[in-house]
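First the structure, in the form of structure tokens, and then the observations on it.
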Amino acid sequence: MALKFYNTMTRTKEEVVPLEENHIRMYTCGPTIYNYAHIGNFRTYIFEDLLRRFLLFKGFKVTQVMNLTDIDDKTIKASMEKKIPLKEYTDKYKRAFFEDLNALGIDRAEHYPAATEHIDEMVELIKKLIKNGLAYEVDGNYYFSIEKFPGYGRLAHLDLSTLKLGARIATDEYEKESVSDFALWKAWDENDGDVFWETDIGKGRPGWHIECSAMSMKYLGETFDIHTGGVDNIFPHHENEIAQSEGAIGKPFVKHWMHSGYLIVDGKKMSKSLNNYYTLRDLMEKGYPAVAVRYMLMTTHYRQQFNFTFEALEAARNTLDRYIDFYENLRNYSGGKSSGEADKITDQALAGFEDALDDDLNISAALAEVFDFVRDINRLKAENKLSAEERDRAIRAADRIDIVLNVLHWDRGNIDSEIEGLIKRRTEAKKNRDFETADKIRADLQKQGIILEDTPDGTKWKRKL
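See below:
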């Protein structure tokens, strides 16, 4: 089956044919490091990790670049409010971001360029746009003229004939209703404090959109294979990237655009004001292991909207526990007499898993193949009809599948220690007569399928079957 992914630009599934044989060059829009990344961000990063891992599974060489936005309106405002130098402020959240990547088992990209380290490349790109008649200056600010770029709006399917052209917008993020000439370079003003660069085009700082054009082309070339991000990046960010890049180089920028759907919480937009805003750290503090969060965020097709609920997280935790138990029990199985079925079951699982993901990363169909495999191998084990050789082949198949899923080889002891830590906190709360906290910890653990039993020898726990 040919490898096909949905292309946001054409709104169709298209066969993936690399520009360079067997080598996929991929750019992923990374975090703005002004706060801890939330689970909506990680929904996109898990999709991108699934994509990367599947391409490696298929035998492609992958060169991936993920930018780190360490300068924009939000980072400057936040650092000034805290009265902390911009680099010191963003470095804290940069470290936290990589800690979260490690916790979630997200494979590292080849490059993580930071915007502040690529000012020269951005200035050179802006100078090309000025030379090509696509950028203009107003009071030291440089803007991209969208009416002079005929292809503007293709990605987001905008009808420019209905829009008022010639207006300008200085903010980094805005809605489709505010389509305007956007900022490439912002002249310094007092709101920027000491954040500025002295350059050939003046004293100031870059706009948000220019960084991804400059850095992607530096590390991947002027045209590359895949660009990913969340659906919220389509406009204005990715639309503006296309305009800047193609306006400068005069040829196609990206072959294939892929975007993940929104994450909502309990059917509502995630918002701090609604008290439904969660980071990975929030969920781990509630006792949920990062691998359960990874698995949960992986299980819905990347283009669909994802509705986060704690019930979904608990179900993911329980499903994952059963899958890990299957794998560990299979490794401990001594082997029986072959019925001749196992190798066919194993081959069918691997082929079905790959075929499903070949079809625009159809993870639901891929996981269905995995759990059919688990069911059938468990049946053969129960009937003692799985030989040692067939067992080993089934283990190798599970390991190959895990190249993509990356959920099996986690330290269960670390997960159990998180539970033990929560039980210790509950015991301390009870000693301090803080029964509200103690009851909340018990309730949180119960939601995860952890049953507590208070005994004279202390609190015992077990997983609900």
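Per this note's numbering, the very first residue in the sequence shown carries number 525; after that it's consecutive.
We put the beta carbon where it would ideally sit given N, CA and C, even for glycine.
- Closest in C-alpha terms to GLY731, from the list THR593, ILE919, ASN531, LEU580, comes THR593.
- Assignment of beta-bridge partners to TRP781 by DSSP yields HIS751.
- For TYR551, no alpha helix (DSSP H) encloses it; the enclosing beta strand (DSSP E) starts and ends at 547-552.
- Judged by pairs of C-beta atoms under 8 angstroms, the region 816-836 touches the region 774-792, as three or more such pairs exist.
- Considering only ARG729, ASP849, ALA953, the residue with the shortest C-alpha distance to TYR667 is ARG729.
- Burial state of GLU572 is buried, judged by a 10 Å Cβ sphere holding 16 or more other Cβ atoms.
- Three or more beta-carbon pairs separated by less than 8 angstroms are not found between the region 743-752 and the region 654-670, which leaves the two stretches without contact.
- The distance from the Cβ of ILE869 to that of ILE901 is about 6 angstroms, consistent with a contact at the 8 angstroms cut-off.
- By the 16-neighbour rule on beta-carbons within 10 angstroms, GLU544 is exposed.
- Distance from the CA atom of ARG950 to the CA atom of ILE750, rounded to whole angstroms, is 48 angstroms.
- Three or more beta-carbon pairs drawn from the region 858-865 and the region 894-912 are found closer than 8 angstroms, and the two stretches are therefore classed as touching.
- Taking a contact as a CB-CB distance under 8 angstroms, the pair THR983 and ILE947 counts as one, their CB atoms being some 5 angstroms apart.
- If the five residues before and after GLU977 are omitted, its C-beta is found closer than 6 angstroms to the C-beta atoms of LYS984, all from its own chain and listed in chain order.
- Inside the region 825-870, DSSP marks whole alpha helix (DSSP H) runs of 4 or more residues at positions 834-856, from first to last along the chain.
- Unbroken beta strand (DSSP E) runs of no fewer than 3 residues, entirely contained in the region 634-692, are found at 659-662, 665-668, following chain order.
- A check of alpha carbon separations from ASP923 across ALA873, ALA620, GLU838, ILE563 identifies ALA873 as the nearest.
- Pairwise C-beta distances place the region 775-783 out of contact with the region 800-817, as fewer than three of them are shorter than 8 angstroms.
- In this structure, the CA atom of PRO542 is about 10 angstroms from the CA atom of LYS585.
- Less than 8 angstroms divides the Cβ of ILE734 from the Cβ of LEU708.
- Just measuring C-alpha positions, the residue of ALA918, ARG966, ARG576, LYS955 sitting nearest VAL928 is ARG576.
- Closest in C-alpha terms to ILE643, from the list ASN715, ASP724, ALA694, comes ASP724.
- Counting only residues of its own chain and dropping the five nearest sequence neighbours on each side, HIS635 has a CB closer than 7 angstroms to the CB of VAL589, TYR743.
- With 16 or more neighbouring CB atoms inside 10 Å of its own CB, SER603 falls in the buried class.
- Annotation note: the region 572-633 contains the following uninterrupted alpha helix (DSSP H) runs of length 4 or greater, listed N- to C-terminal: 597-606, 610-627.
- When DSSP reads this structure, LEU787 sits in a beta bridge with PHE830.
- For GLY754, the CB contacts under 7 angstroms within the same chain, skipping 5 residues up- and downstream, are THR568, HIS783, SER784 in chain order.
- Counting only residues of its own chain and dropping the five nearest sequence neighbours on each side, ILE693 has a CB closer than 8 angstroms to the CB of SER702, SER704, ASP705, PHE706, ALA707.
- CA-CA distance, ALA836 to ARG899, rounds to 22 angstroms.
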